[in-house]
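Chemist: Just so you know, the protein sequences line up as chains G and D, in that order.
Position in the first sequence (first residue = 1) + 42 = our numbering.
Position in the second sequence (first residue = 1) + 2 = our numbering.
Every residue, glycine too, gets a C-beta built ideally from N, C-alpha and C.
None of the values given here were measured: they were computed from a predicted structure.
Input: one structure, supplied below.
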Amino acid sequence: MRRLALTSGLLGSLLFGLTAPAAAQVSFGEISPIKETLEIGASSSEIAITSDFRGADLTIFGAITNADELLLGIGQYDVVVTLEGPRDYATVRKKERVLGIWMNTGALTFEQVPESYSIASTRQIDDLENQAPAIDKIGVGIEHLPLNPVGYIPNSGLISEFRDAYRRLKLNSGLYQRDSGGVRFVSSSLFRASLRLPANIPDGQHMVHAYLFKSGNLIFQREMPLRVVKTGLEQAITDAAHERPIAYGMLCVLIAVVTGWGASLIFRKD
Amino acid sequence: MTVGILQALFIWHVGLLFMILPGRIPIISDRPCHAVLPVRIRPVTVYLPIAELSVNILIILGMGAAVGFLSGMFGVGGGFLITPLLIFYNIPPVVAVATGANQVVASSISGAITHFRRGTVDVKLGSILLAGGLVGATGGVWIFSWLRRLGQLDLFISILYVVLLGSIGALMLQESVRAMRRAKTNQALPIKRPGQHNWVHRLPLKMRFKKSKIYLSAIPVVMLGMAIGVLTSIMGVGGGFIMVPAMIYLLRIPTNVVVGTSLFQIIFTTAYTTMVQAATNYSVDIVLATILMIAGVIGAQYGVRVGQKLRGEQLRALLALLVLAVGIRLAIGLIVTPDDLYSVAVGGLSY
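Structural data, given as structure tokens:
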């Protein structure tokens, strides 16, 4: 298991920024005139998948700026960090027994859902939900991801059934992951988020989202792109198969011809 | 007779040992390994870029070698074994079928070259079969894509395999058991009358095939080629196991040119199918295909040697049992309640 060390010299600059709000501190109970913000950083904006890729851990560092010392002390700030994979349509199919054989009978397509989704938070996202009913609108967390079906659906009860199945399948396959203790404060306002990248992570443009909650309300949000690329031969093969399919097909046939012919030459008995 | 079967089983297990050998120290793999055998093999993983998953290279090599061995032993292409095995090993059926067709190209070429040297290929007959085969393969790929959009491809592939493997396995077993019984009681074979005509020989558009020394209508030849072409693109098989009996019993083509001519046709149909699958479904995995091919052609050499030591009817009985076993395994998969009734597919709106 490799650890993508994304520690950085960034820490210094973040800490520097923290000293500023102390001066602008306001007394308890009053609304702070300066809004809290969030800074995040990673040492790399690209993750390479090699042929022996078996998953990795991604560590994101960040800091809360302009934080209220007192609220920070009693744990009123919560941080949620997510890594969303590239979005695409997803079709969930349900099997039923027809004439003794299991076959797909029902299908529901969801529009533009992330292929992979990894979430880390300071505490259970559901605890946050109790305080903030608006979390569904933000769509943070596997249970709150918007899953909108495409097309006309006659039975609305069916939708929740397919939604549950979708979440369960994605969690089982490891593409969707959650870690309710994945974000830890290393100092009063500096945090570290550990996100798990599964072995079957899709390549493409991923997005790191960091959310700052104050007393259960979302007050700040930040994004950072992260590219996941298949490297070397793998990438070359995938590219060739999709961009030059005829040449790729010819190459496949050529390899077969050479292998077959070569074998008949090598193992020729006479 | 039993000695022969025992001998074959022994060699078959030696073949399997090849799969076990590299992993003598059993280390439990942390990945789901639904291998054909309950053998723990140290994972030496290789990433398949099109199937988009990591597999144990030793299992794939072993699979290719075992199927190559069997295809050499029985003189079959092996596509009907490799595709189900890949599906059992969790390779997506879409990729298994397209890659299986590619693998058959390699395994057919060695055989075809041998037949060319012996002069047992009727190129004219093969070309007419091929013309039908290309049309059939094109239609087959179209059906394949359509079923994939409907979400019924996996089911359709399984049903087709169960029906074909079940019926052909049963017929072969019946025939070989009868032959073995006859050999025991020293009965003479019933005399075949190759000159006998059936409805096929009353069709128009007759052509003369010099090499085969027959005068035959082109219509049934094209039709047969088309049917095989459809099977190639949907099932990832060469189709020799259907084409050879059809050519002998239906078209009454002399047996000496049948195998060579069918191999000639199979090379081009499977090569064409590989190309079309690569162009339309992007489902040919070059890494998987290369591993399978190399292991396959080597395995086939040993299979041929073993096959020469066995008697024809015993060989056919063994092949029939094998074909039935694969068919039954697939049938079980259709009937047994799946672990999860739901499945999810990522992709465009239609897929």
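Expressed to the nearest angstrom, what Euclidean distance is found between the alpha-carbon atoms of P63/G and A283/G?
Modeler: Because the pLDDT at P63/G is just 43, under 50, the model does not fix this residue reliably, and the value given afterwards should be weighed accordingly. In a straight line, the C-alpha of P63/G is about 54 Å away from that of A283/G.
Chemist: Enumerated in chain order, which unbroken segments of the alpha helix (DSSP H) with a length of 4 residues or greater are wholly contained in the stretch 153-241 of chain G?
Modeler: Segments of the alpha helix (DSSP H) lying fully in the stretch 153-241 of chain G: 167-173, 177-180, 198-215.
Chemist: Determine whether the beta carbon atoms of E157/G and V179/D lie at a separation below 8 Å.
Modeler: no
Chemist: Can a CB atom of chain G be found closer than 8 Å to the CB of G153/D?
Modeler: Chain G contact via Cβ: present.
Chemist: Output the boundary residues of the beta strand (DSSP E) element that contains R139/G.
Modeler: 129-140
Chemist: Where are the beta strand (DSSP E) runs, 3 residues long or more, that stay fully inside the stretch 201-252 of chain D, in chain order?
Modeler: Unbroken beta strand (DSSP E) stretches of 3 residues or longer found wholly inside the stretch 201-252 of chain D: 208-211, 216-219, given in chain order.
Chemist: Find out if the Cβ-Cβ distance for the pair L254/G, L80/G is shorter than 8 Å.
Modeler: yes
Chemist: Taking only beta-carbon positions, decide if E185/G is within less than 8 Å of chain D.
Modeler: No, E185/G lies away from the interface with chain D (no Cβ there is under 8 Å from its Cβ).
Chemist: Please compile the residues from chain D whose C-beta is within a distance smaller than 7 Å of the C-beta of E157/G.
Modeler: V348
Chemist: Return the first residue and the last residue of the beta strand (DSSP E) that L312/D is part of.
Modeler: For L312/D, no beta strand (DSSP E) run applies, since DSSP gives it neither H nor E.
Chemist: If you count every other CB in all the chains shown that lies within 10 Å of the CB of K212/G, and 16 or more means buried, which is it?
Modeler: buried
Chemist: What separation, rounded to the nearest whole angstrom, lies between the Cα atoms of N215/G and Q154/G?
Modeler: Note that residue 215/G is Ser in the sequence shown here, rather than Asn. Going from the Cα of S215/G to the Cα of Q154/G covers about 19 Å.
Chemist: Between P247/D and V260/D, what straight-line distance do the alpha-carbon atoms span, to the nearest angstrom?
Modeler: The straight-line gap separating the alpha-carbon atoms of P247/D and V260/D is approximately 9 Å.
Chemist: Distance, Cα to Cα, V270/G vs L239/G?
Modeler: 10 Å
Chemist: Pull up the DSSP beta-bridge partners for V346/D, would you.
Modeler: V134/G
Chemist: Taking beta-carbon pairs under 7 Å, can you tell me which members of the stretch 123-144 of chain G lie near chain D?
Modeler: Those residues of the stretch 123-144 of chain G placed with their C-beta closer than 7 Å to a C-beta in chain D are D130, Y131, A132, T133, V134, R135, K136, K137, G142, I143, W144, ordered along the chain.
Chemist: When you compare each of S109/D, G128/D, T276/D to A302/D by their alpha carbons, which one comes out closest?
Modeler: S109/D
Chemist: Below 8 Å on the Cβ atoms is my contact criterion, and I expect V325/D with G171/D to pass it. Report the Cβ-Cβ distance as a whole number of Å.
Modeler: 4 Å
Chemist: May I ask you to list, following chain order, the residues of the stretch 56-86 of chain D that have a beta carbon less than 7 Å from some beta carbon of chain G?
Modeler: Of all residues in the stretch 56-86 of chain D, the ones placed with a Cβ closer than 7 Å to any Cβ belonging to chain G are S56, in chain order.
Chemist: Quick one: residues in its chain with C-beta nearer than 6 Å to the C-beta of R129/G, no 5 flanking neighbours on either side, listed in chain order?
Modeler: Q154, P156
Chemist: Assuming the contact rule is C-beta atoms closer than 8 Å, T164/G and D120/G should be a hit. Round their C-beta distance to whole Å, please.
Modeler: 5 Å
Chemist: Would you say the stretch 264-272 of chain D touches the stretch 120-139 of chain D, given that touching needs at least three Cβ pairs under 8 Å?
Modeler: yes
Chemist: Beta-carbon separation of S306/G and Q219/G under 8 Å?
Modeler: no
Chemist: For L149/D, which residues in the same chain have their Cβ closer than 7 Å to its Cβ, ignoring the five residues on either side in sequence?
Modeler: L155, F158
Chemist: According to the Cβ coordinates, are E78/G and I261/G closer than 8 Å?
Modeler: Taking the C-beta atoms as reference points, I261/G is found nearer than 8 Å to E78/G.
Chemist: Could you tell me if N259/G is buried or exposed, where buried requires 16 or more neighbouring beta carbons within 10 angstroms of its beta carbon?
Modeler: exposed
Chemist: Measure the Cβ-Cβ separation of T276/D and G291/G and say whether it is below 8 Å.
Modeler: Cβ atoms of T276/D and G291/G: closer than 8 Å.
Chemist: Report the CB separation of R210/G from L189/G in whole angstroms; it is logged as a contact under 8 Å.
Modeler: Going by Cβ atoms, the distance from R210/G to L189/G rounds to 12 Å, so no, they are not a contact pair.
Chemist: Going along chain G in order, which residues have a C-beta closer than 8 Å to the C-beta of Q176/D?
Modeler: The premise fails here: Q176/D is roughly 25 Å from chain G at the closest Cβ pair, so nothing lies under 8 Å.
Chemist: Drop a sphere of 10 angstroms on the beta-carbon of Q310/D, count the other beta-carbons inside from all chains shown, and report buried for 16 or more, exposed for fewer.
Modeler: exposed
Chemist: Counting only runs that start and end within the stretch 249-309 of chain G, where is the alpha helix (DSSP H) found for 4 or more residues in a row?
Modeler: List check, alpha helix (DSSP H) in window: 274-285, 287-308.
Chemist: Looking at C-alpha atoms only, which residue of P222/D, L233/D, I236/D is the closest neighbour of Y251/D?
Modeler: P222/D
Chemist: Consult DSSP for I29/D and reduce its assignment to one of helix, strand or coil.
Modeler: The predicted position of I29/D is uncertain, since its pLDDT is 35 and thus under 50; no value can be drawn from it.
Chemist: Which residues share a DSSP beta bridge with W144/G?
Modeler: R139/G
Chemist: Nearest by alpha-carbon distance to I244/D: which of R331/D, D124/D, T257/D, L166/D is it?
Modeler: L166/D
Chemist: Please list the partners that P188/G has in chain D, where partner means a Cβ-to-Cβ separation under 7 Å.
Modeler: None at all; the shortest Cβ gap to chain D is about 16 Å.
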